[in-house]
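Going by the working numbering, the final residue of the sequence shown carries number 485, and the count climbs one at a time with no gaps.
Input: a single structure, listed below in structure tokens.
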Amino acid sequence: MKTALSILTLALLVAGTAQAAPDEYQSAPQRRTVMEKDWGPWLGPFRARLVPSLMQDFGERYLYAPANAALPAPRPGERRVVFLGDSITDRWNLAASFPGKPYINRGIGSQVTAQMLLRFHQDVVALHPRAVVILAGINDVQGFMQQETPEQIESNWEAMADLADAHDIKLVFGSILPVNNYTKAASNVVKERKPEELAALNAWLRAFCARRGYGYADYHTALVDRNGLMAAAYTQDGVHPLDNGYAVMAPIAERAIDQVLQKK
Numbered sequence: 222m223k224t225a226l227s228i229l230t231l232a233l234l235v236a237g238t239a240q241a242a243p244d245e246y247q248s249a250p251q252r253r254t255v256m257e258k259d260w261g262p263w264l265g266p267f268r269a270r271l272v273p274s275l276m277q278d279f280g281e282r283y284l285y286a287p288a289n290a291a292l293p294a295p296r297p298g299e300r301r302v303v304f305l306g307d308s309i310t311d312r313w314n315l316a317a318s319f320p321g322k323p324y325i326n327r328g329i330g331s332q333v334t335a336q337m338l339l340r341f342h343q344d345v346v347a348l349h350p351r352a353v354v355i356l357a358g359i360n361d362v363q364g365f366m367q368q369e370t371p372e373q374i375e376s377n378w379e380a381m382a383d384l385a386d387a388h389d390i391k392l393v394f395g396s397i398l399p400v401n402n403y404t405k406a407a408s409n410v411v412k413e414r415k416p417e418e419l420a421a422l423n424a425w426l427r428a429f430c431a432r433r434g435y436g437y438a439d440y441h442t443a444l445v446d447r448n449g450l451m452a453a454a455y456t457q458d459g460v461h462p463l464d465n466g467y468a469v470m471a472p473i474a475e476r477a478i479d480q481v482l483q484k485k
């Protein structure tokens, strides 16, 4: 697998460092050379399989394209809501948490905010929801798919908000969830997703929502323990909630959705 990763990395470097001939004008400077990180025995192979596909469709818009095409238009008076996010949303059984509600799951595991921004038109706007619930940012902090500064994460949140506003879609942002390292499966989680960075991003997001009049679903406060980490009862891997964690999150999301839909 290391050989496969080396070949993939070399191919990307060769493609990425091509320069114009000496007599041809080129504005951009030469691309940097980046050494691939060892992501371990599970994430490493997963990333190696994923990268060639992302080179064709970084937003992974192909994943929900068939479901979107098959989805009928909202019925008159329907309060359709799209939940957009990464694996935390992808694993959320919305039908179980919100029985009878026309809530649509558009979560994709391992995605970062830049990818969600790319697919926002297809997976949100084109579905004509009354509201969208965005839960994103934890993978940006880890840097698994793309290295992002806090300012870049915030600008991606803002760009998605601008798109929602432009299409008269009410907006709820979910806070980034706390993480923990209480189990063997979670041993590297806190090191890669520092709680102080998550707290700073949530503080910015809360203020942004207040300034713009968006809903803010504060999952973090409801799931955090006295150590500032996700309570052990709510997760096994330190990142993804168990069913009891989603049971805590559901009414928080529902209240935020109701609040924004009541606004004119």
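Cβ coordinates follow ideal geometry from the N, Cα and C atoms, glycine included.
Fair warning: this is a prediction, and the values are worked out from it, not measured in the lab.
Relative to the C-alpha of residue i, which residue among the options is closest?
| i | options | result |
| --- | --- | --- |
| Leu339 | Ile359, Ala352, Ala317, Gly306 | Gly306 |
| Ile355 | Gly321, Ser308, Asn401 | Ser308 |
| Arg296 | Arg447, Thr456, His349, Ile390 | His349 |
| Glu379 | Gln363, Leu419, Arg447, Ala357 | Ala357 |
| Phe319 | Gln480, Gly449, Met470, Pro262 | Met470 |
| Gly364 | Val445, Ser274, Val333 | Val333 |
| Arg476 | Leu450, Tyr435, Ala347 | Tyr435 |
| Thr404 | Ala382, Ala452, Asp383 | Ala452 |
| Val303 | Arg282, Val272, Ala290, Phe341 | Phe341 |
| Ala346 | Asp479, Asp259, Ala382 | The displayed chain sequence assigns Val, not Ala, to residue 346. Looking at the Cα atoms, Ala382 is the closest of the given residues. |
| Val481 | Gly449, Cys430, Tyr440, Asn465 | Cys430 |
| Ile478 | Pro266, Met256, Asp439 | Asp439 |
| Asp344 | Pro293, Gln373, Ala286 | Ala286 |
Helix, strand or coil: which one does DSSP assign to residue i?
| i | result |
| --- | --- |
| Val460 | coil |
| Tyr493 | Only positions 222 to 485 of the chain appear in the structure, and residue 493 is not among them; the question remains open. |
| Val410 | helix |
| Ala294 | coil |
| Asn402 | coil |
| Ala352 | strand |
| Met451 | strand |
| Phe394 | strand |
| Ala335 | helix |
| Arg252 | coil |
| Lys223 | Low confidence applies here, because Lys223 scores a pLDDT of 44, under 50, leaving its location unreliable; read the following figure in that light. DSSP places Lys223 in helix when its eight states are reduced to three. |
| Leu284 | coil |
| Asn326 | strand |
| Val303 | strand |
| Val362 | helix |
| Val345 | coil |
CB-CB under 8 Å to residue i, same chain, minus the five flanking residues each way: which ones, in chain order?
| i | result |
| --- | --- |
| Phe279 | Ala335, Gln336, Leu339 |
| Ile359 | Asp307, Ile309, Ile397, Leu398, Val400, Arg414, Leu419, Val460 |
| Ala421 | Pro371 |
| Asp311 | Asn326, Gly328, Ile329, Gly330 |
| Leu275 | Glu281, Met366 |
I'd like the list of long-range same chain contacts for residue i, defined as Cβ closer than 7 Å, with 5 residues on each side in sequence excluded.
| i | result |
| --- | --- |
| Ala407 | Asn401, Asp458, Gly459 |
| Trp425 | Glu375 |
| Ala387 | none |
| Val362 | Arg414, Glu418, Leu419 |
| Leu284 | Ile329 |
| Leu292 | Leu348 |
| Ala225 | Residue placement at Ala225 is flagged as unreliable, the pLDDT there being 44, under the threshold of 50; the coordinate-derived value follows with that caveat. Ala269. |
| Leu463 | Tyr455, Thr456, Gln457 |
Under 8 Å by Cβ, that's how I've got residue i and residue j pegged, so tell me the actual separation to the nearest angstrom.
| i | j | result |
| --- | --- | --- |
| Ile473 | Ala454 | In fact, because the Cβ distance is near 17 Å, the residues do not count as touching under 8 Å. |
| Tyr467 | Trp313 | 6 Å |
| Val353 | Ala385 | 6 Å |
| Arg268 | Trp260 | 6 Å |
Between which residues of its own chain and residue i is the CB-CB distance below 6 Å, once the five residues before and five after are set aside?
| i | result |
| --- | --- |
| Arg301 | Pro295, Pro323, Pro350, Arg351 |
| Gln483 | none |
| Ala290 | none |
| Asn423 | Ser396, Ile397, His441 |
| Asp446 | Ala452 |
- prompt: Would you call the segment 367 to 379 and the segment 401 to 413 in contact, with 3 or more CB pairs under 8 Å?
  reply: no
Check: Between the segment 321 to 336 and the segment 387 to 406, do at least 3 Cβ pairs fall closer than 8 Å?
Finding: no
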